[in-house]
Structures are given as C-alpha cells and as structure tokens.
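Sequential numbering of the sequence shown, starting at 153, is according to our numbering. Backbone N, C-alpha and C define an ideal beta-carbon position, used for all residues, glycine too. Scroll down for the structure; my scribbles are underneath it.
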Amino acid sequence: MIGALAFGMLARRSLPGDFVLGGTLHLRGDRKLWLKISLLSLPWGVVSVAGIALLASLVRPQGWVFDVEHVSAPVIIGILVGGLIVTYVLTIVVHEAVHGVLLWLFTRTRPVFGFKGWYAYTDAPGWYLPRWPMIAVLAAPMTVLPVLGLPVLAFAPAGLSSFVLLGLIMNSVAAVGDVYMIGIALRVRGPVYFGDAPEAAPGEAGSWYVLAP
153 MIGALAFGML
163 ARRSLPGDFV
173 LGGTLHLRGD
183 RKLWLKISLL
193 SLPWGVVSVA
203 GIALLASLVR
213 PQGWVFDVEH
223 VSAPVIIGIL
233 VGGLIVTYVL
243 TIVVHEAVHG
253 VLLWLFTRTR
263 PVFGFKGWYA
273 YTDAPGWYLP
283 RWPMIAVLAA
293 PMTVLPVLGL
303 PVLAFAPAGL
313 SSFVLLGLIM
323 NSVAAVGDVY
333 MIGIALRVRG
343 PVYFGDAPEA
353 APGEAGSWYV
363 LAP
C-alpha cells in the first residue's frame, strides 16, 4: 500500500503554477523530427542488433540447430512468414503494454493505447510526469523484455528461440523514439514535467514543462 501511494505521488493531474511550456514534439506531420529519428535509427539499429546478438551468444552458446530434412519447402516458408508476422505483432503489443504498466503504476489510471500511421503509442492523457518517472516509462521495454525473453531464448527449442531473438531485436530497434525522448529528458535542465501538448489528441504530440524564467 505504501509503495502504491509512493508511485501515485510521482504523477500529477495539473502542473504547478510556476511551470510553463518548454517544448513540444509533434509526432505527426513533423518532417524534421521524422528525419532526426530516421538518422538516429541507423546507429541505434546497429547497436541494437549487436547488443542483442551478444546477449544471445552468452545465454545460448550452443547456437541454433534446425532439423528440416523431412519438412517440405512450402511448410518452411509458411512457418517463416507466419512466425515473422506473429513476432512483429506480439513485439509491438508487448512493447506498448510494458509502457502501459509503468504509466499505470505512476498514475493509477488506465493508459490509452493506439496506432497512428508509422508508430504505436501509449499515453496517459491529463497526467504530468517528472523526469525520472518519465525516463522509467520510456526505458521499460528495453529492459523488461530482454529480462523476460533471454531465459526463453536460452532454453526454448531452436524454432521458438530464434523467433524470440528476432522479437528482442525488433523491440530494441523500435525503441529508437523512446531513446530520442530519453535524450531530451536528460538534456532539459532544472525541474521538468512531461505530458501531452495543449489541445493535442492522445499520441499526437508530447510536451515538457519547465520553471518559468
């Protein structure tokens, strides 16, 4: 109970009176932001693949051996295509669900989930989070999913294990937007709160608020 109250105190329904808008990221229609994230995704993708591959080699040093001698090519193709689709969908769902669990812990209200064009989102409309709770929400999928997935990757049959490996890579690569936002959260000086932009629909724009000069 004490822990729940402590979590709840980290988020606010309204900003203190001495805080003003410090900046906004418009997730839709902002070509400059899209370009920045696209450029960041290249080195981040390399780091993600290398990092997950290293972890995989540590927990599964024997590698993956597939016995497909008596399996027809159409069946193999069907398994690959179906597995890729299921892995992609589950990765997005679980990624956003982990964001949602953290938001629920901090706000004690049900988060809002959605998908807009090229990105999925998890939002807590009407709530404002200070710096470190916001960083925790952003970083959660990059830490929680590997913790859950690596034991499965290590001990599951080769087929399932390989799709888990792919899912962990997808999860890390997809977190490029979270990494970008973490950079902003660390760069802003002084007390800061994060929440939706004024008049913005959930998932369309995020803002941060700083002490008035």
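For residue 162, three-class secondary structure by DSSP: In this structure, residue 162 counts as coil in the three-state DSSP scheme.
Could you name each continuous alpha helix (DSSP H) segment of 4 residues or more that falls completely within the stretch 289 to 343, going from the start of the chain to the end? Counting only runs of 4 or more, we get 310 to 326 and 328 to 339.
Cβ of residue 342 within 8 angstroms of Cβ of residue 316? Cβ atoms of residue 342 and residue 316: not closer than 8 angstroms.
Do you know offhand how far residue 166's Cα is from residue 348's? For the pair residue 166 and residue 348, the Cα-to-Cα distance works out to about 12 angstroms.
In the DSSP output, what is residue 357 paired with across the bridge? BP columns for residue 357 point to 178.
Classification of residue 226 by the beta-carbon crowding that lies within 10 angstroms, buried from 16 upward: Exposed: under 16 other Cβ atoms inside 10 Å.
Using a 10 Å radius around the Cβ and a threshold of 16 neighbouring Cβ atoms, would you call residue 360 buried or exposed? Classification of residue 360: buried, given that the 10 Å Cβ count is 16 or more.
Limits of the alpha helix (DSSP H) - the one that residue 271 falls within: In the DSSP assignment, residue 271 falls outside any alpha helix (DSSP H) and lies within the beta strand (DSSP E) extending over 271 to 275.
Count the other C-beta atoms from every protein chain shown that fall within 10 angstroms of the C-beta of residue 243, then say buried if there are 16 or more, exposed otherwise. Buried.
Do the stretch 254 to 262 and the stretch 226 to 242 touch if we need at least three Cβ pairs shorter than 8 angstroms? By the Cβ test, the stretch 254 to 262 is not in contact with the stretch 226 to 242, since fewer than three Cβ pairs between them sit closer than 8 angstroms.
At the level of alpha carbons, what is the spacing between residue 262 and residue 278? Taking the Cα positions, residue 262 is about 12 angstroms away from residue 278.
Same chain only: Cβ atoms within 7 angstroms of residue 189, ignoring 5 sequence neighbours per side: So the qualifying residues of the chain are 328, 329 and 332.
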